[in-house]
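Counting from 1, position 65 in the sequence shown corresponds to residue 65 in the UniProt record's numbering; the numbering is continuous, with no gaps.
This report refers to the structure that appears directly beneath it.
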Amino acid sequence: MYEATFHIRGGLLYEEATRNRDVSIKLWCNNHCDLLQVQGDVTDEIRDEIAKTVGIKHSSHGQPEIKETVAGNGEEIIITSECLRPHTENNIESYLAKHDCLLLPPLRYERGGKVVRVVTLDPENMTRFYQDIQESFRVEVQSKRRIDSISQDQPILSVGSLVAGLSKRQEEAILLAWEAGYYEIPRETTTKELAGRMDIDRRTFEEHLRLAEHKFIGTLVERVLNGRKYS
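Written out as structure tokens, the structure is:
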């Protein structure tokens with residue numbers, strides 16, 4: 001099996017919204033609507049373009065006209081009213097179908113273009129897809145390789161989802177431990193020293209740290225390792 005990642009420009013929707021901006025839009029198509037994960041410099045201009053094109057049904061931004069919010073935790077999650085594909089002329093999917101190639105979701109919009117991961121069993125199919133799409137778009141090959149299995153792009157694991165539920169003292173304890181080299185091998189500090197810097201006793205510090213570690217590891221196992229187990 002062969003995989004390649006392409007960055008494609010040329011009259012695509014969301015192209016202007018991400019040009020010269022530190023922002024990324026990931027899109028999971030559900031045929032009747034899309035799930036968007038917007039990260040970085042999320043502006044009203046980006047929201048307006050999405051709303052104008054396909055409508056916004058739900059958003060974690062919490063605008064008054066939106067009926068329901070979805071917990072975003074530091075990034076914006078949007079459920080659109082319609083699917084983007086019918087609004088797209090000369091879409092990438094038609095080229096993929098023509099050359100027996102498959103798209104690995106999510107689509108990603110960034111740096112004024114659309115990033116697509118493509119797989120195929122025959123490398124000649126990938127070559128023909130690339131040659132064909134160049135006639136209509138500006139295409140940059142970001143990577144290409146032979147693969148034995150497909151790695152899953154885990155959706156919506158944000159910094160906010162990792163620290164959700166941490167108290168301020170737990171967050172302070174684990175950040176201090178990291179910055180002071182507590183997790184280096186060998187350790188560069190002790191819990192007694194760190195407790196003194198927080199002006200609390202060692203046992204209290206260790207309890208804050210243990211609870212923070214438990215929440216971090218629990219989130220990672222649930223969101224990442226369990227996802228790989230069934231993928």
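Backbone N, C-alpha and C fix where the C-beta goes; we use that ideal spot for every residue, glycine too.
As the structure is a computational prediction, the values presented were derived from the model and not from experiment.
Check, Outcome
"Leaving out the 5 sequence neighbours to the left and right, which residues in its chain are closer than 8 Å to GLU213 when beta-carbon positions are compared?", "ILE174"
"How would you label VAL118, buried or exposed, when you count the other beta carbons within 10 angstroms and need 16 or more for buried?", "buried"
"Given this structure, state the Cα-to-Cα distance separating ALA4 from ASP201, to the nearest angstrom.", "54 Å"
"Whole angstroms are fine: how far does the CA of VAL139 sit from the CA of HIS7?", "6 Å"
"In chain order, which alpha helix (DSSP H) runs of at least 4 residues are fully inside the segment 19 to 58?", "44 to 54"
"As a quick exercise: from ARG47, LYS192 and GLU89, pick the residue whose alpha carbon is nearest that of GLY10.", "GLU89"
"Which full runs of the beta strand (DSSP E) of 3+ residues lie inside the UniProt domain \"HTH bat-type\" (166 to 217), going along the chain?", "none"
"Does the count of Cβ pairs from the segment 25 to 35 and the segment 166 to 181 closer than 8 Å reach three?", "no"
"Pick helix, strand or coil for HIS99, following the three-state DSSP scheme.", "coil"
"Check whether the Cβ atoms of ASP189 and PHE205 lie closer than 8 Å to each other.", "Here the sequence assigns Thr to residue 189, which means Asp is not the residue at that position. No; because the gap between Cβ atoms is not below 8 Å, this pair is not in contact."
"Report the residue from TYR2, LYS52, GLU76 and GLN39 whose alpha carbon sits nearest the alpha carbon of LEU13.", "LYS52"
"Can you tell me which of the three DSSP states ILE79 falls into?", "strand"
"Using beta-carbon positions only, say whether ALA180 and LEU209 come within less than 8 Å of one another.", "no"
"Quick check: the Cα distance between THR69 and PRO86, rounded to an integer number of angstroms?", "Note that THR69 scores 37 on pLDDT, short of 50, meaning its location in the model is unreliable; the coordinates nonetheless yield the value given after this. So the alpha carbons of these two residues sit roughly 26 Å apart."
"Quick one: is PRO123 buried, meaning 16 or more other Cβ sit within 10 Å of its Cβ, or exposed?", "exposed"
"When burial is assigned at 16 or more other CB atoms within 10 Å of the CB, is GLY113 buried or exposed?", "buried"
"In the DSSP assignment, find the unbroken alpha helix (DSSP H) run with ILE8 in it and report its ends.", "Element bounds for ILE8: not the alpha helix (DSSP H) but the beta strand (DSSP E), 2 to 9."
"For LEU102, I'd like the list of residues in its chain whose CB is within less than 8 Å of its CB, leaving aside the five on either flank, ordered along the chain.", "LEU96, VAL118, VAL119 and THR120"
"Ordered along the chain, which non-local residues of its own chain (more than five positions away) have a Cβ less than 8 Å from that of ASN20?", "GLY112"
"Tell me TYR109's beta-bridge partners as DSSP assigns them.", "ILE25 and LYS114"
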